[in-house]
Amino acid sequence: MGSFTKKKLRFSFVLGQQDPHFDKDGNNTVIVEGLRASATIQSGHGAPMPSAKLMIYGLGQTVMNKLAKIRWNTDDAKLNYVRVEASQDGGESYILVYEGVIQYAYPNYGSSPEVILTIDSTSALQHKIRPVPPLSFNGEVDVASAVSQICQKMSMRFENNGVTEKVSNPYLPETALDQVFKLCDAINAKAVVEFNTIAITPQGQARDILVPVISPNSGLIGYPIPTITGTRFQCLFDPVIRFQGLVEIKDSLVEICNGKWLVVGLSHYLESEVSGGRWLSEVDAIYPGGVKIVK
């Protein structure tokens, strides 16, 4: 999609409080679109789950008051939820770019008359903080099978990308998401949270998903930068670029950066209803399989 089309962001909010409602009809969900907004969405960079910082201008007072939260609280009743969708064709169609739990939400009246609501969110946070019964297995257990069972309990989709190792007699007293991370750490595998999916891969290996090709003719911005472990580049926003997947750089003048790379850090910067707003992706990537050391 070219860069000269009108970009839009759409937000869906779901209240998690007891007897939740935004209006007198008892609706616990509200959808917001057509407002000036920005979304910074990050995956990887050492963080276990994706996160987002959202800024929405001109939101109604009632909605802001319902969402406002300036103190982190692990009470399940306070777990409000946000879903972010992006449109590159002026609102004709939308794609999901983020979903997660609202950690903080606070209005800024200093920009009046256009008040800004700022939201900090983390994906799957409810599964990282909610206590669950301890989980244990007798004897050897296939890690992928165990993670699949945990995903079912979390109502999350499971994606296995070639993990076959087993562990013996695991005891998992942690929260559900930490159970997944502990199992994967035990076999040096990687667990990835993406939307409502848990994906696992052998360490340094990519997910078995579509590989986007980025070139000067297909969205590459400027020149990729070689790094000590791989490369870093910016391109027009591309939802096909996904964390722990492969991306291919093609036809760059920086020839050392051409080829396929494993995405280990991914940031989307999206702005709607503002002239000249950003609509780009920033990627940190490494050699697939990890850095090879010659002895």
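Residue numbers (the working numbering): 1 to 295. Ideal Cβ positions, reconstructed from N, Cα and C, are used throughout, including at glycine. None of the values given here were measured: they were computed from a predicted structure.
Quick check on the burial criterion: 16 or more other C-beta atoms within 10 angstroms. Buried or exposed for Tyr109?
When all chains shown are included, Tyr109 counts as exposed.
Which first and last residues belong to the beta strand (DSSP E) in which Phe233 is found?
Gly230 to Leu236 is the extent of the beta strand (DSSP E) around Phe233.
How is the alpha helix (DSSP H) around Met154 delimited, first residue to last?
Start and end: Val143 to Met154.
Could you tell me if Glu92 is buried or exposed, where buried requires 16 or more neighbouring beta carbons within 10 angstroms of its beta carbon?
That one is exposed.
Can you round the beta-carbon distance between Ser267 and Thr40 to whole angstroms, since I take them to be within the 8 angstroms contact cut?
That pair is a contact at about 7 angstroms.
Would you kindly report the start and end of the unbroken alpha helix (DSSP H) that includes Leu67?
If you look at Leu67, you'll find it in the alpha helix (DSSP H) that goes Gln61 to Leu67.
Assign Phe11 to one of three DSSP states: helix, strand, or coil.
DSSP places Phe11 in strand when its eight states are reduced to three.
Given that a residue counts as buried once 16 or more other Cβ atoms are within 10 Å of its Cβ, and exposed if not, what is Ser51?
By the Cβ neighbour-count rule, Ser51 is buried, with 16 or more other Cβ atoms within 10 Å of its own.
What are the boundary residues of the beta strand (DSSP E) that includes Lys250?
In the DSSP assignment, Lys250 falls outside any beta strand (DSSP E), carrying neither H nor E.
Taking the alpha-carbon positions, what's the Lys250 to Val84 distance?
Taking the CA atoms as reference points, Lys250 sits about 30 angstroms from Val84.
Beta-carbon proximity list for Cys151, same chain, < 8 angstroms, skipping 5 on both sides
Exclusion of the five residues before and after Cys151 leaves Arg157, Phe158, Val180 and Ile198 as the residues of its chain whose Cβ lies within less than 8 angstroms of its Cβ.
Under three-state DSSP, which class holds Lys295?
Because Lys295 carries a pLDDT of 44, less than 50, the predicted location of this residue cannot be relied on, and the following value inherits that uncertainty. The DSSP-derived three-state label of Lys295 is coil.
Leaving out five residues on either side along the sequence, give the residues of the same chain with a beta carbon under 7 angstroms from the beta carbon of Val339.
The structure shown does not extend to residue 339, since the chain spans only 1 to 295, so no value can be given for it.
Through-space distance from Val63 to Glu99, alpha-carbon basis
Distance between the alpha carbons of Glu99 and Val63: 18 angstroms.
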